[in-house]
Amino acid sequence: MLLKILLTGSFGNVGLSTLEELIRKNYSIRVLDIYNKKNRRIASKYKDQIDIIWGDLRNPKDVEKAVEGQHVVIHTAAIIPPLADKKPKFAESVNVGGTKNIINAMKSQPQKPKITKIIPFSKKTSFLFFRFRQILKYYIRYRDF
């Protein structure tokens, strides 16, 4: 069986190197990322190798569509400094709210995917890490996955 992997934030710095490694290993790859000029340009290089879902982590329906049928979720999407420091509420809505949407979408699947989470933060946005831990504690129970 071919492993189906969802990669969020696939056209960012961490996501892009992760995407290239997943392609090299011949996994079935679905990506979820924001539709913008930069991402469209990058995506055009990989269009025949990946399934692209254009969407927003803050939109539960976009996330549910992306998570459906996947075995693994690699979650690299995040608002990082300096933007996270300038717009902390926006960063929280994406980093915390988006992660919450991924967890909820995973929990709603008949076959629960596994998750990998990468959390970038700075001193000014370290509260996001604390909030993320609170959300994980509330939403994820060991028996759920």
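Taking numbering that gives the first Met the number 0, the leading residue of the sequence shown gets 0, the next gets one more, and so forth. Beta carbons: idealized from backbone N, C-alpha and C, even for Gly.
query: Span of the beta strand (DSSP E), counted from its first residue to its last, around Val71; result: Val71 to His74
query: Distance, Leu6 Cα to Leu18 Cα; result: 7 angstroms
query: Integer-rounded CB distance, given that Ile49 should sit under 8 angstroms from Val72; result: No, Val72 and Ile49 are not in contact; Cβ-Cβ is about 15 angstroms, not under 8 angstroms.
query: Separation of Thr75 from Asn38, as counted between CA atoms; result: 15 angstroms
query: First through last residue of the beta strand (DSSP E) which encompasses Ser27; result: Ser27 to Asp32
query: Chain D contact for Ile49 (CB, 7 angstroms cutoff); result: Here chain D cannot be found, since the structure has a single protein chain.
query: Buried versus exposed call for Leu1 [16 or more other C-beta atoms within 10 Å across all chains shown]; result: exposed
query: Close Cβ partners of Pro119 (< 6 angstroms) along its chain, the five nearest in sequence each way excluded; result: Bear in mind that a pLDDT of 46 at Pro119, under 50, signals an unreliable position, so the model cannot answer this.
query: Exposed unless 16 or more other CB atoms sit within 10 angstroms - verdict on Ser43; result: exposed
query: Identity of the residues DSSP links to Asp47 by a beta bridge; result: Note: Asp47 sits in no beta bridge, so no partner.
query: Ile28 beta carbon less than 7 angstroms from that of Ile52; result: no
query: Same chain, Cβ closer than 6 angstroms to Ser16, five either side skipped, listed in chain order; result: none
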